[in-house]
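Read the structure below first, then the notes.
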Amino acid sequence: MSRSLFEKFSPLRGALQGLVGNGASPFGVPVDRVLSPTEAIIGGRPTILAGTFNYLGLTFDPACIEAAKNALDRDGTGTTGSRIANGNYGVHGQIEQALARFLGRRSVMLFTTGYQANLGILSTAVGPEDFVLLDADCHASIYDGLKMGNATVIRFRHNDAEDLDRRLQRLSGEKGDKLIVIEGIYSMLGDRAPLKEMVEVKRRHGAYLLIDEAHSLGVLGARGRGLAEAENCERDVDFVVGTFSKSLGAIGGYCASDDPDFDVLRIASRPYMYTASLPPSVVASCLAALQQVETRPELMRNLWQNARQFHGALSELGFTLCAEPSPIVSVRLADPATAYVFWRELLEEGVFVTLAVPPATPNGWCILRSSVCAAHTEQQITRMAETYRSVAARLGFNKARTSMSRAVGA
Ligand SMILES: Cc1ncc(COP(=O)(O)O)c(C=O)c1O
């Protein structure tokens, strides 16, 4: 029998097979057709999209689509190279300036994805003498960026400012710089960083602070600038990372900073230099989306109304929720098999959420992750909650809160 390079993945393949058997895979659901920000045809059935992170529902926004079409006609389909090789298209600079103005920052650097923004900053801005203090629940892109670099990485317990403080205290004799990395809203559980406490620790130790606002741009703060705005801490945050793939409805990433030397990363950061820049059509659509964030506060209001309605309904039904109300509503279930069956039944009843199981989840939890959207109607939110209820009843979950808690061993 011939050997394969991929034999080492047999345990992984086995784990997936053990989870799904002959059932549908939760990782790569075939979507026949997307109809709107909240609806698709999946497996021939009309389905509510209830886990897309399309927070403001801008994927079908007419102004975004028109801007993208115009840029396609004007600038073509792609840049076919990086900005250091093929140059800056007008829209690249325009969106950097628009974001810098929106975020109240001196400079913004555009990356091709949010993943690459984290790689670009974290692999480069900190060096071998430096220390990165990392919240344990941070996104894979943050871990991967740090693996590409050579700073010393120290994890602290999720959202635990005292643990962070202790760990920084131990480094007090070290001359290298210290960078704290946290997120605004954490993507798995939907909880927020205790930013004010983190800022106090940062000040006490003279550290730098980077916050990844991927899930909080257009979601938190009076103007939608994120958690730092909501907590009135923007001046204490040194670097803001974000993505265009959630509230702006397209793809792309950025990092913002007030450091006058920040632009040097354009000739030092490999994930910026060695990959193609964003197609102008995508950037044009993001520019139009940013304008929607700035001029249509009702989008954020709808989003939060839907978040509270859905969180409240699931909580009322006795589900074990992972965080306070937020646009990410994660339900914790007892084990991978229960979570998978629940996920599959929801999909069969026309509600598409995300299944997340260990090792991708914090604390080894099994999670059904939904995210609401400004464009969900009240009826869709009611239908989503009702479907959770009917699947739970069919799977023999007890209606009472205590029984639901027992189901997750809490
Ligand atoms: C916290 C966080 N940072 C970065 C990213 C990567 O964003 P992108 O999809 O733009 O690569 C994600 C994506 O889910 C995320 O949750």
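Letter by letter, the sequence shown follows residues 33 to 442 of the numbering used here.
Glycine is no exception: its CB is placed at the ideal position from the N, C-alpha and C atoms.
query, result
"8 Å CB neighbourhood of tyrosine 121 in its chain, flanking five on each side removed", "Asp107, Thr111, Ser309, Pro312, Val315"
"Integer Cβ distance of glycine 382 from isoleucine 80, believed to fall under 8 Å", "6 Å"
"Segment limits, beta strand (DSSP E) that includes leucine 200", "No beta strand (DSSP E) contains leucine 200, which is instead part of the alpha helix (DSSP H) from 193-202."
"Residues bridged to cysteine 287 (per DSSP)", "Met141, Val273"
"Local conformation of arginine 30 per DSSP, three classes", "In the structure as shown, the chain starts at 33 and stops at 442, and residue 30 therefore has no counterpart that could be examined."
"Nearest to phenylalanine 351 (by Cα), restricted to the options Phe374, Met180, Pro329", "Phe374"
"Pair within 9 Å by beta-carbon distance, glycine 281 and leucine 90", "yes"
"Contact test: aspartate 244 Cβ vs ligand 1 heavy atom, cutoff 8 Å", "yes"
"Contact under 9 Å by Cβ, alanine 355 with serine 362", "yes"
"Selected residue, minimal CA-CA separation from phenylalanine 163, among Val213, Asp169, Tyr147", "Val213"
"Outcome for glycine 428 when other beta-carbon atoms lying within 10 angstroms are tallied against a minimum of 16", "exposed"
"Cβ pair alanine 82, serine 402 closer than 9 Å", "yes"
"Contact the stretch 155-171 vs the stretch 179-191: 3+ CB pairs below 8 Å", "yes"
"Residues sharing a beta bridge with phenylalanine 188, DSSP", "Asp167"
"contact_flag[the stretch 403-423, the stretch 55-74] where n(CB pairs < 8 Å) is 3 or more", "yes"
"Selected residue, minimal CA-CA separation from valine 389, among Arg133, Arg376, Ala371", "Ala371"
"From Pro394, Leu48, Cys318, Cys287, residue whose alpha carbon lies closest to that of proline 303", "Cys287"
"Proximity test, Cβ basis, 9 Å: isoleucine 186 and chain D", "Reference to chain D is not applicable here, since this structure consists of a single protein chain."
"Proximity below 9 Å, CB of lysine 278 to CB of alanine 239", "no"
"Integer-rounded CB distance, given that glycine 55 should sit under 8 Å from arginine 328", "With a Cβ gap of about 41 Å, arginine 328 and glycine 55 do not count as contacting."
"Simplified DSSP assignment, three categories, for glutamate 261", "helix"
"As assigned by DSSP and simplified to three states, the class of alanine 47", "helix"
"Selected residue, minimal CA-CA separation from alanine 320, among Gly205, Gly50, Phe92, Arg198", "Phe92"
"Element boundaries [alpha helix (DSSP H), containing cysteine 96]", "94-107"
"Beta-carbon proximity of serine 317 to cysteine 96, cut-off 9 Å", "yes"
"Neighbourhood of glycine 177 by C-beta, 6 Å cutoff - its chain only, sequence neighbours within 5 removed", "Asn150, Leu151, Leu154, Ser155"
"Option nearest phenylalanine 3 by Cα separation, candidates Pro394, Phe85, Gly250", "Only positions 33 to 442 of the chain appear in the structure, and residue 3 is not among them; the question remains open."
"Identity of the residues DSSP links to cysteine 27 by a beta bridge", "Summary: the structure shown does not reach residue 27, with the chain confined to residues 33 through 442, and so no result is reported for it."
"Beta-bridge partners of leucine 353, as assigned by DSSP", "Val363"
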